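Trainee: Last residue of the sequence shown? That's 1305 in the numbering used here, and every number before it is there in order. Virtual Cβ for every residue (Gly too), placed ideally from N, Cα, C. These figures come from a predicted structure and were not determined experimentally. First the structure, which I've put down as structure tokens, then a few questions once you've had a look.
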Amino acid sequence: MENTIEIKNVTKKFGDFTAVNDLTLNVPKGSIYGFIGPNGSGKTTTLRMLMNIIYQDSGDIHIFGEKYKQSFKDRIGYLPEERGLYKSMKVRELLHFFGKLKNGKNILAEADKWLKKLDLYNWRDEKVETLSKGMGQKIQFIASVVTSPELIILDEPFSGLDPVNRDVMKDAVLELKESGTTVIFSTHDMDIAEKMCDYVFMIYKGKKVLDGTLDSIKNNYGTDIIKIMSEGGLQVLKEVQNEIKGIENINDFGHIQEIRIEKTCNPQNILRSLIEKTAVSRFEISQPSLHDIFVRIAKPVVENDGEVKNAG
994 MENTIEIKNV TKKFGDFTAV NDLTLNVPKG SIYGFIGPNG SGKTTTLRML MNIIYQDSGD
1054 IHIFGEKYKQ SFKDRIGYLP EERGLYKSMK VRELLHFFGK LKNGKNILAE ADKWLKKLDL
1114 YNWRDEKVET LSKGMGQKIQ FIASVVTSPE LIILDEPFSG LDPVNRDVMK DAVLELKESG
1174 TTVIFSTHDM DIAEKMCDYV FMIYKGKKVL DGTLDSIKNN YGTDIIKIMS EGGLQVLKEV
1234 QNEIKGIENI NDFGHIQEIR IEKTCNPQNI LRSLIEKTAV SRFEISQPSL HDIFVRIAKP
1294 VVENDGEVKN AG
């Protein structure tokens, strides 16, 4: 499989702090690759190294099969975490300006196409300063794709968008993939990553802790989640936990609870105990969600001796 990006043993330090530690990662051509991880984990540092905004201290980065060249800027679209638009410019002229910076062709036609897709065409002659935050974010997205780049790097593209605009942005990203574009985006939204990404990469404290398809990642964790809905709810489930060994954790969502069990725990024993105590309307054994896997890795757990460890 041809890779658009190949990262090999890359490390980046800021003083004594190691932001990215010996990272190796391959991004297949034409895929959607999700970058996830807690704040400060190294996601944005990695994206900025890909864009040649900052330089790695060691290791190699190849894009389109080569080390970064200045000419690559015309083949890569980038939506940075820090949004920045010229507020006094009109929307259409701003998109034309950004397109010219990257030697784009048919820029105005492409701009109009994307403005229509993202429901902003009626604002094409308005100044950027008149737009809402969400509209401005969509304009910056258009600015990153208006030249039809081969690779799109999006840093938190869904952040701050309402549900309607999140769906609009989601459809736009999927359309890019359908056209053969390679898409990398970072996100804190595990539901978006789980539903959209062909591959998921998680970085934690500068180290790669997950990398692969969602199925391969979930298979590593097995089938240890049970989703339960019952009349007795959390209170009855706590009684069952006291009676049956192997229930590691209860995550309460109000109307539904999710429990995590040890490999030696038999789910049927839990179900029998529940039925003896209350009416059960849902009992579903499943693999952990990406959200649950993320929390297992990143959430600190305080042990009985006071030592802080990772949940995973």
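Who are residue 1250's beta bridge partners in DSSP?
Mentor: In the DSSP output, where bridge partners are listed per residue, residue 1250 has 1221, 1245.
Trainee: DSSP on residue 1096, reduced to helix/strand/coil?
Mentor: Residue 1096: coil per DSSP, three-state reduction.
Trainee: Let me check one thing: in DSSP terms, what residues is residue 1147 bridge-paired to?
Mentor: Paired residue(s): 1072, 1178.
Trainee: Looking at residue 1218 and residue 1281, is the spacing between their C-beta atoms short of 7 Å?
Mentor: The answer is yes: Cβ separation under 7 Å.
Trainee: Just to confirm my understanding: we take residue 1287, look at its own chain, exclude 5 residues before and 5 after, and list those with CB closer than 6 Å. What are they?
Mentor: 1183.
Trainee: In whole angstroms, give me the CA-to-CA distance for residue 1300 and residue 1291.
Mentor: Note that residue 1300 scores 48 on pLDDT, short of 50, meaning its location in the model is unreliable and no value can be drawn from it.
Trainee: Closer than 6 Å by C-beta to residue 1083: which residues in its own chain qualify, once you throw out the five before and the five after it? Chain order, please.
Mentor: Cβ within range, chain order: 1118, 1120.
Trainee: Terminal residues of the continuous alpha helix (DSSP H) containing residue 1010?
Mentor: Per DSSP, residue 1010 belongs to no alpha helix (DSSP H); it is in the beta strand (DSSP E), 1010-1021.
Trainee: Could you give the C-beta distance for residue 1025 and residue 1176, rounded to a whole number, given that I count them as a contact under 8 Å?
Mentor: Rounded, the Cβ-Cβ distance is 5 Å, consistent with contact.
Trainee: Would a C-beta distance cut-off of 7 Å place residue 1140 and residue 1097 closer than the cut-off?
Mentor: Going by C-beta atoms, residue 1140 is nearer than 7 Å to residue 1097.
Trainee: In chain order, what residues of the same chain lie with their CB nearer than 7 Å to the CB of residue 1030, ignoring the 5 residues before and after it?
Mentor: Within the same chain, residue 1030 has close Cβ partners 1036, 1195, 1196, 1197.
Trainee: Considering only the beta carbon of each residue, do residue 1091 and residue 1136 sit closer than 7 Å?
Mentor: In this structure, residue 1136 lies closer than 7 Å to residue 1091 by Cβ.
Trainee: Below 8 Å, how does it come out for the region 1048-1059 and the region 995-1003: are there three or more Cβ pairs, yes or no?
Mentor: Enough Cβ pairs lie closer than 8 Å, so yes.
Trainee: On the three-state DSSP scale, how would you describe residue 1044?
Mentor: Reduced to three states, the DSSP call for residue 1044 is coil.
Trainee: Quick one: what's residue 1026 bridged to in DSSP?
Mentor: Residue 1026 is bridged to 1177, 1192.
Trainee: Note down the Cα distance separating residue 1142 from residue 1023, rounded to an integer number of angstroms.
Mentor: If I take the Cα positions, the gap works out to 12 Å.
Trainee: With burial defined as no fewer than 16 other Cβ atoms inside 10 Å of the residue's Cβ, what is the status of residue 1223: buried or exposed?
Mentor: Buried, because 16 or more other Cβ atoms sit within 10 Å of the Cβ of residue 1223.
Trainee: Near residue 1190, which residues of its chain fall below 6 Å by C-beta distance, leaving aside the five closest residues on each side in sequence?
Mentor: Here the set comprises 1025, 1027.
Trainee: Helix, strand or coil for residue 1052 per DSSP?
Mentor: DSSP places residue 1052 in strand when its eight states are reduced to three.
Trainee: Beta-carbon of residue 1087 versus every beta-carbon of chain C: anything under 7 Å?
Mentor: Given the protein chain composition of this structure (a single chain), no chain C is represented.
Trainee: Give the range of the beta strand (DSSP E) segment to which residue 1274 is assigned.
Mentor: Start and end: 1273-1279.
Trainee: The beta strand (DSSP E) that contains residue 1000, what's its start and end?
Mentor: Taken as a continuous stretch (DSSP letters only), the beta strand (DSSP E) holding residue 1000 covers 996-1007.
Trainee: What is the DSSP secondary structure of residue 1255, reduced to helix, strand or coil?
Mentor: The answer is coil: DSSP assigns residue 1255 none of H, G, I, E or B.
Trainee: Between residue 1131 and residue 1147, which are expected to be in contact by the criterion C-beta below 8 Å, what is the C-beta distance as a whole number of angstroms?
Mentor: Actually they are not in contact, since the Cβ atoms of residue 1131 and residue 1147 sit about 12 Å apart, beyond 8 Å.
Trainee: Bridge partners of residue 1205, per DSSP?
Mentor: Paired residue(s): 1193.
Trainee: Give me the residue from 1012, 1241, 1010, 1021 with the minimum Cα distance to residue 1334.
Mentor: With the chain running from 994 to 1305 in the structure shown, residue 1334 is simply not present.
Trainee: In whole angstroms, what separates the C-alpha of residue 1081 from that of residue 1009?
Mentor: Straight-line Cα distance between these residues: approximately 41 Å.
Trainee: Please identify the residue among 1099, 1161, 1278 whose C-alpha is closest to the C-alpha of residue 1261.
Mentor: Selected option, being the one with the closest Cα: 1278.
Trainee: Buried or exposed, going by whether 16 or more other CB atoms sit within 10 Å of the CB of residue 1252?
Mentor: Classification for residue 1252: buried.
Trainee: Within the continuous alpha helix (DSSP H) that includes residue 1117, where are the two ends?
Mentor: Element bounds for residue 1117: n/a, residue is neither H nor E.
Trainee: Between residue 996 and residue 1019, which are expected to be in contact by the criterion C-beta below 8 Å, what is the C-beta distance as a whole number of angstroms?
Mentor: That belief holds up - the Cβ atoms of residue 996 and residue 1019 are roughly 5 Å apart, short of 8 Å.
Trainee: Can you find the residues in the same chain that come closer than 8 Å, C-beta to C-beta, to residue 1212, ignoring five residues on each side of it along the sequence?
Mentor: If we look at residue 1212 and ignore the five residues flanking it on each side, its Cβ neighbours are 1280.
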